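So in this note's numbering, spot 212 of the sequence shown is number 217, and the numbers just go up one at a time. Report on the following structure.
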Amino acid sequence: MTPGTSSPAGTPAARSRLSPAERRAQLIAVGLDMLVDRALHELSVDDIAAAAGTSKALVFHYFGSRPELLRAIAEAAADDFLERTEPDPALPLEDQLVQSMQAFVRYVADRRVGYVMLVRGPATADDAMLDLFEQTRGRIVDRIVSKLDTVDDVPSFRLVVRGWVAFAEEVTISWIGDPVVSEEQLLELLNHSLAQLVALALLGPGALVLPE
């Protein structure tokens, strides 16, 4: 067949050329898929390039360095996490909390290696990664606080919610490693603990009396 002629019927068409934005998105998506069963710091440029059907040089063309690529994947993971745990706003508030917590536990359980190493692994030594994790936790807090707009005048409320987010993360990760209770019991613990902490914050300083 001479140059410039079309391919015979039945042969595969030439692969379409991706735009720069589409190629970046493709490479990030490949890395995001890999986080299901491996840690962020274990991702290699070679593996991502091979899975995307492109060259290592092209990966570096779109991402100047491996750390830049990993940060982009981590940012996509954070957005994916928030999207998957976003509750249906049409539900009653209590049901929204239950739905969000169920999605959170499932997300962490399905991506245990990637999730745990994101929040506890070598990536946390990177200042940019630390900032990203803190921003993500802040967005979770913002979401919870926004659902309870009647507590804007309680100074300790945001602090309490932020502490609960850290608690929920720690308890869930521990439960996945050693499920000493059922998933239903775990969800009940998480949901009730938030309700109790919110109630305590609303009571104000001095409302809690501990036994001597």
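We put the beta carbon where it would ideally sit given N, CA and C, even for glycine. Note that the coordinates shown come from a computational prediction; the quantities given were computed from them, not determined experimentally.
Go ahead and label residue i buried or exposed: buried means 16 or more other beta carbons lie within 10 angstroms of its beta carbon, across all protein chains shown.
i    : result
A173 : buried
G168 : exposed
L37  : buried
V41  : exposed
L199 : buried
L45  : buried
A231 : Given a span of 6 to 217 for the chain in the structure shown, any question on residue 231 remains unanswerable.
A206 : buried
R116 : buried
R22  : exposed
P17  : With a pLDDT of 38 at P17, under the threshold of 50, the predicted position of this residue should be treated as unreliable, and no value is reported.
Nearest to residue i by alpha carbon, out of the options?
i    : options               : result
L96  : G119, K152, M39, A171 : K152
A190 : R28, M106, I53        : The residue you asked about is not Ala; residue 190 is Gln in the sequence shown. Of R28, M106, I53, the residue nearest in Cα terms is M106.
D136 : R76, A114, R148       : R76
L2   : E99, T59, H46, E47    : Outside the displayed span of the chain (6 to 217) sits residue 2, for which this structure offers no information.
V118 : E47, P25, L23, S24    : E47
D132 : E73, I53, A206        : E73
L98  : D84, R22, F162, R148  : R148
V150 : R163, Q140, R142      : R163
M134 : R43, E80, Y67         : E80
T141 : A83, E175, G69, N196  : A83
Y67  : P92, P94, Q101, S24   : S24
A171 : R43, F138, G182, A114 : F138
N196 : P184, T177, R71, D183 : T177
Could you name the residues of the same chain whose beta carbon sits closer than 8 Å to that of residue i, not counting the 5 residues immediately before and after it, in chain order?
i    : result
V186 : W180, L194
L202 : V165, V166, G168, W169
Y112 : F86, R89, T90, Y120
F65  : V50
L192 : V103, M106, Q107, V110
I53  : L32, V35, G36, M39, V64, L74
Could you pull out every residue in the same chain whose Cβ sits closer than 7 Å to the Cβ of residue i, ignoring the five residues on either side in sequence?
i    : result
R144 : L87
H27  : A small fix is needed here, since residue 27 is Glu in this sequence, not His. Within the same chain, E27 has no close Cβ partners at all.
E188 : V110
Please go through the same chain and pick out, in chain order, the residues whose beta-carbon is closer than 6 Å to the beta-carbon of residue i, but skip the five residues on each side of it.
i    : result
F109 : T90
A57  : Q31, L32, V35
P92  : Q101, Q104, S105
R29  : Y67
S161 : A206
Between residue i and chain B, is the shortest Cβ-Cβ distance under 8 Å, so that the two count as touching?
i   : result
Q31 : Annotation note: the requested chain B is absent from the structure, which comprises a single protein chain.
Runs of alpha helix (DSSP H) lying entirely within the stretch 157–210, each at least 4 residues, in chain order: Qualifying alpha helix (DSSP H) stretches, in chain order: 162–182, 188–208.
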